[in-house]
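>
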Amino acid sequence: MCDTCGCGQSEPTIRKPGEENTHSPEDHEHSHEGHHHHDHDHSHSHDHGHNHSHDHDHDHDHGRGHSHTHAGDHTHPRKIEIEQDILGKNNLLAERNRGFFEAKNILALNLVSSPGSGKTTLLERTIRETGKELSFFIIEGDQQTMNDANRIAETGAPVVQVNTGEGCHLDAEMVNRAVKKLEVAEKAILMIENVGNLVCPALFDLGESFRVVIMSTTEGEDKPLKYPYMFRSSNLCIINKTDLLPYVDFDMARAREYTRRINPDLQIIELSVKTGEGMEQWYEWFKSKTR
Amino acid sequence: MPVRFSFKSPIYFIFTDGKPHHPMHEFSIAMNIVDIATDYARKENASVVKEIEIEVGELAGVVMDALEFSLDIAVKESILEGADRKVIKIPGRARCRECSHTFAIHDLYTLCPKCNSPAPEILAGTELRVKSLLVE
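Listed in order, the protein sequences are those of chains X and V.
Positions 10 to 300 (our numbering) are the ones given, in order, by the first sequence.
Positions 730 to 865 (our numbering) are the ones given, in order, by the second sequence.
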């Protein structure tokens, strides 16, 4: 529940590390669109200026019948053709984000994966190793806790945590608000770590420049077939934890084949965040996108 | 097949395979449907929505049971409460990128039945639209 207005809607919170116990109104500047606090826009009184008193008595018969404005009269059901994309609102806001990123030369990456594939660890190492030459800003998405933001804060990179509460994905509005709070600089790399989930985030464009899907060798190599929406909509696939290959049943050739079947254009980078093997390829990949 | 629900939280969900699932994106979609209907009804000065038609493609990434369940919750105390819901399912169609063969498709991993090429272009089946409202 929102303490500011008392409404019962579960709203995402967006906080920087250290703000756990503070509660400022801008933490959740919800637009109140969804709940009906201000429905007054239809109280206009329909004056229509017909008060002119017509003293001169030629009785024009008003044959046009002014029946068109009386809101209560609509007793006949009528069909309104809408044809509106259900995700249209998110897509529109995502395009606004994208325009902002382009204008500021910001490279925005949407990192998606199952929980536990190593997204946060990948970010930590990436920032430690390339943060001197590049400027990183991080948005962490999780249902609950500040844990990931606190880990990123240790690296020194500016970070905000979006807690989606009951939500299973980030959306364009959350990113829009998080970016405002972060005050992302020009020419920065904005890493958006989505909620760990290969299903729901697939349908929600955030306005990112590229989508990066991460899988790891402790998962099944058939992840691309099981979650094709995510793999189809991604631009880069990172296969993490290659240091564990000798100990697990993960079949790399098959993983590549399944990935190709869903998305032949998807580039694949194999790496181990733990040992550092392959990390250079990943750095090259995003550096090439900033040029 | 019966669908069983768990009310641990309003949007936690158990599917027919008995495994608990993540809270789902179908709930966001249901909320968007309610918002769209509310906006249009207001624009049209309608006080009642009798029926809503929704188009859902076979490949839209939406589980119908989950969407129906989410809508049951999302329409409460909205203009859609009590409205009939008509869901129009749009079948998947795809065209092979290699041989241009056009075929029916029900998932995203099927290969072209003629030349075995992967990842065909999707022609239809990703729709997710509010088609119409019947209002008073």
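We treat Cβ as the ideally placed atom computed from N, Cα and C, and that holds for glycine.
Computed from a prediction, not measured in an experiment: that's the story for all the values here.
Per DSSP, what kind of secondary structure is M200(X) in: helix, strand or coil?
In the first sequence, residue 200(X) corresponds to position 191, counting from 1. Note: M200(X) maps to strand in three-state DSSP.
> Does Y256(X) pass the burial test, meaning 16 or more other C-beta atoms within 10 Å, or should it be called exposed?
Here residue 256(X) refers to the residue found at position 247 when the first sequence is read from its first residue. The residue is exposed, with fewer than 16 neighbouring Cβ atoms inside 10 Å.
> Indicate whether G140(X) and P21(X) have their beta-carbon atoms separated by less than 8 Å.
Indexing the first sequence from 1 puts residue 140(X) at position 131. Indexing the first sequence from 1 puts residue 21(X) at position 12. No.
> Please report the distance separating the alpha-carbon of I95(X) from that of S776(V).
Reading the first sequence from its first residue, position 86 is the one you call residue 95(X). Reading the second sequence from its first residue, position 47 is the one you call residue 776(V). Taking the straight line from one Cα to the other gives about 22 Å.
> Per DSSP, what kind of secondary structure is C209(X) in: helix, strand or coil?
The residue labelled residue 209(X) in the question sits at position 200 within the first sequence. DSSP places C209(X) in helix when its eight states are reduced to three.
> Counting only beta-carbon atoms, is R812(V) nearer than 8 Å to chain X?
Numbered from 1 along the second sequence, position 83 holds the residue referred to as residue 812(V). For the record, residue 812(V) in the displayed sequence is Ala; it is not Arg. Taking Cβ atoms only, chain X never reaches closer than 8 Å to A812(V), which makes this a no.
> Using a Cβ distance threshold of 8 Å, determine whether the stretch 102 to 110 of chain X contacts the stretch 204 to 224 of chain X, with at least three qualifying pairs required.
In short, these stretches touch, since the Cβ pair count reaches three.
> Report yes if the CB atom of E755(V) is closer than 8 Å to the CB atom of V791(V), and no otherwise.
Working through the second sequence from its first residue, we reach residue 755(V) at position 26. Working through the second sequence from its first residue, we reach residue 791(V) at position 62. A contact, by the Cβ cut-off of 8 Å.
> Where does A833(V) land, buried or exposed, given buried means 16+ other C-beta within 10 angstroms?
Sequence index remark: in the second sequence, residue 833(V) carries index 104 (1-based). Per the 10 Å Cβ criterion, exposed.
> Is it buried or exposed, E230(X), if we count other Cβ atoms within 10 angstroms and call 16 or more buried?
Mapped onto the first sequence, residue 230(X) falls at position 221. Looking at its Cβ environment, which holds 16 or more other Cβ atoms inside 10 Å, E230(X) is buried.
> Is it true that the CB of F240(X) sits closer than 8 Å to the CB of I271(X)?
The residue you call residue 271(X) lines up with position 262 of the first sequence. The residue you call residue 240(X) lines up with position 231 of the first sequence. Yes, they are a contact pair.
> So which residues on chain V does I271(X) lean against when the C-beta distance must stay under 8 Å?
Reading the first sequence from its first residue, position 262 is the one you call residue 271(X). Correct list: L837, Y838, P847, A848.
> The alpha helix (DSSP H) spanning V171(X) covers which residue range?
Within the first sequence, residue 171(X) is the residue found at index 162, counting from 1. Here V171(X) belongs to no alpha helix (DSSP H); instead the beta strand (DSSP E) covers 168 to 172.
> Would you please verify whether the beta carbon of S829(V) is less than 8 Å from any beta carbon of chain X?
Taking the first residue of the second sequence as position 1, residue 829(V) is located at position 100. Taking Cβ atoms only, chain X never reaches closer than 8 Å to S829(V), which makes this a no.
> Quick check on E38(X): does DSSP put it in helix, strand or coil?
Here residue 38(X) refers to the residue found at position 29 of the first sequence. Interpretation of E38(X) is limited by its pLDDT of 47, a score under 50 that renders its predicted location unreliable; the figure taken from the coordinates is listed afterwards. Three-state DSSP puts E38(X) in coil, outside helix and strand.
> Comparing the C-beta of D94(X) with each C-beta of chain V, is any distance below 8 Å?
Residue numbering aside, residue 94(X) sits at position 85 when the first sequence is read from its first letter. Contacts with chain V at 8 Å (Cβ-Cβ) include D94(X).
> Hey, is V804(V)'s beta-carbon within less than 8 Å of any beta-carbon in chain X?
Indexing the second sequence from 1 puts residue 804(V) at position 75. Answer no: the Cβ-Cβ gap between V804(V) and chain X never drops below 8 Å.
> Give a yes or no on contact between the stretch 118 to 135 of chain X and the stretch 783 to 801 of chain V, applying the rule of three or more CB pairs nearer than 8 Å.
The answer is no - the stretch 783 to 801 of chain V does not touch the stretch 118 to 135 of chain X, with fewer than three Cβ pairs under 8 Å.
> Which residue spans inside the stretch 215 to 246 of chain X form an unbroken beta strand (DSSP E) run of at least 3?
Whole beta strand (DSSP E) segments, 3+ residues: 219 to 225.
> Going by C-alpha to C-alpha distance, which of Q170(X), Q93(X), L191(X), L116(X) sits closest to E29(X)?
Position 20 of the first sequence, counting from 1, holds the residue named residue 29(X). Of the listed residues, the one whose Cα sits closest to E29(X) is Q170(X).
> Grouping DSSP H, G and I as helix and E and B as strand, with all else coil, what is F868(V)?
Residue 868(V) lies beyond the stretch modelled for chain V, which goes from 730 to 865, so this question has no answer here.
> From the beta carbon of L800(V), is the nearest beta carbon of chain X less than 8 Å away?
Here residue 800(V) corresponds to residue number 71 of the second sequence, with the count starting at 1. No, L800(V) does not count as interfacial toward chain X.
> Going by beta-carbon coordinates alone, are S243(X) and V221(X) separated by less than 8 Å?
Start at 1 with the first residue of the first sequence, and residue 243(X) comes out as number 234. Start at 1 with the first residue of the first sequence, and residue 221(X) comes out as number 212. It is a contact, given that the beta carbons lie within the stated cut-off.
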